[in-house]
Structure formats: structure tokens, C-alpha cells
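Written out below as C-alpha cells is the structure these notes cover.
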Amino acid sequence: PVINALTDDSHACQILADLQAIEEKKGRLAGLKLAYLGDGFNNVTHSLMFGGTKMGMHVSVGSPAGDEYSPRADVVADCTRYAAESGGSVAVSDDPVAAIKDADVVYTDSWMSYHIPKEQEEERIAKFMPYQVNSGLMAHAKPDAIFMNCLPAIRGCEQTAEVIDGPQSIVFDEAENRLHAQKAVILTLCGAA
């Protein structure tokens, strides 16, 4: 078997750990609203959309308009089908407030994925700044919303220090779950699960 630990298109092992962390903190997955803000055209976004909609979550992506920033159309189509089967939903918006409204889980990731040239950094930061997860945007989520970032994170870019270091942040629990989720994958492949 081949385990996809990370590609430019998918980050499935990370999402297993993320879903585990959400269930640990919220007690369930189905029916929760997961809002992703930032670069919608990346591996974490696509995998969150797949995992969330398969588990009956309401996945909302807030990203700038345009093919280079929004989730791929084929991913949205697949996730729409998964959501119809699971009772979840998927939505994509270029309005960060609409995307995060009443979210149970708020998630962001790096604006500069590994494959993006350094020369694009200044332009991308300007484009994504309205999607920065800060206390103003978090105020539109539910009061007990949790904040997630798969790390590494840059304070002052995709989220502010007050959010990632604040009481709603579960980034270190999320990171710890990478170990447990990957052990479960290996045990499953060995026939132990």
C-alpha cells in the first residue's frame, strides 16, 4: 500500500489528525460547521473539504475569488456529492465574514505553500490579508469555536498571535494527533484494526 503523507494536491494524513482533534474537543463531527479561511487552492483545503463532507460536516471555504485561490471545481463537485450522502454541505465564498459566520471550527493554513515561488509572497500576503484569522473575524464564529492550523504558522500572516496563542486554539493538540492518527493508519494496514 501507498500512504499519501503529503502532496501538492492532498494532505489526507493531516486531516485524519484534524478530524480526531475536532471530535475530541466537540464530541462529534456531523452537523458541525468548519470554516477554512485563506488559500482555497491548496492540499489542506481540498483534504479538509473531502474529510469534512464525508463526515457530515458543513464545510465553508472563504478565499479570494479566482481559480488560483479557490478550491478546484472538481473537488467542490465531489464534496457536494459527499455532503448530499452524509447530510453535510459545502460552500465557497470570497466573503470571509460569510464563510466564518457561526462556525464551530475555524481553520487556516500557510499562505505560502512549499511549491509557491518566493517572488509571489508580497502579492499573496496582500491578497489574503482580508482572510487573516484575527479576533475580529473570530467574533463572527460561535463563542465556543475552536481554532486550528496544521503548522507551521506565521503569526501576523494567516492568523494573529492572539488567536493562535489564545484559549480557542487547539493547534498543539492537533499536532499531537498526527502521531496517533498515523499509528492508526499503520495498524490498519497491518490488519490490526
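Residues 174 to 366 in the working numbering are what the sequence shown lists, from first letter to last.
Glycine is no exception: its CB is placed at the ideal position from the N, C-alpha and C atoms.
Note that the coordinates shown come from a computational prediction; the quantities given were computed from them, not determined experimentally.
Against chain B, with Cβ distances strictly below 8 Å, would residue i count as a contact?
i, result
"Gly339", "The question asks about chain B, but that chain is absent: this structure has only one protein chain."
Give the secondary structure of residue i by DSSP, where H, G and I count as helix, E and B as strand, and everything else as coil.
i, result
"Thr281", "strand"
"Phe320", "strand"
"Gln187", "helix"
"Val249", "helix"
"Ser236", "coil"
"Ser266", "strand"
"Ala178", "coil"
Near residue i, what residues of its chain come up, given a Cβ to Cβ distance below 7 Å and the 5 sequence neighbours on each side ignored?
i, result
"Gly211", "Ser236, Thr281, Asp282, Trp284, Phe301, Tyr304 and Glu331"
"Asn350", "Ala190, Gln193 and Ala194"
"Ala178", "Cys186"
"Ala354", "Cys186, Leu189, Ala190 and Gln193"
Using only CA atoms, which one of the options lies nearest to residue i?
i, options, result
"Ala272", "Glu296, Lys206, Asp240 and Asn322", "Lys206"
"Val308", "Lys291, Pro325, Asp338 and Glu296", "Position check: residue 308 holds Ser in this sequence, whereas Val was assumed. Per the Cα distances, Asp338."
"Ala257", "Val279, Asp247, Asp267 and Met228", "Met228"
"Cys252", "Ala365, Tyr242, His231 and Ile327", "His231"
"Ser286", "Tyr242, Met321 and Ser262", "Tyr242"
"Asn322", "Arg245, Thr218 and Phe214", "Thr218"
"Arg297", "Val336, Thr180 and Gly239", "Gly239"
"Met222", "Ala334, Gly329 and Val263", "Val263"
"Val248", "Gly261, Asp267, Gly260 and Gly213", "Gly213"
"Glu347", "Ile188, Ala203 and Arg245", "Ile188"
"Asp182", "Glu294, Glu197, Pro244 and Ala299", "Pro244"
Please go through the same chain and pick out, in chain order, the residues whose beta-carbon is closer than 8 Å to the beta-carbon of residue i, but skip the five residues on each side of it.
i, result
"Leu362", "Pro174 and Ile176"
"Pro269", "Leu210, Gly235, Pro303, Tyr304 and Leu310"
"Glu335", "Asn307 and Ser308"
"Lys199", "Leu205, Asp277, Val278 and Ile319"
"Ala312", "none"
"Val358", "Ile176, Cys186 and Leu189"
Excluding sequence positions up to five away, which residues of its chain have a Cβ less than 6 Å from the Cβ of residue i?
i, result
"Ala314", "Ile273, Ala276 and Val279"
"Gly225", "Leu207 and Val232"
"Ser220", "Ser183, His184, Ala185 and Ile188"
"Ser342", "Phe320"
"Gly261", "Thr226, Gly229, Met230 and His231"
Give me the Cβ distance between residue i and residue j, rounded to the nearest whole Å; I'm assuming they're in contact under 8 Å.
i, j, result
"Leu324", "Val344", "6 Å"
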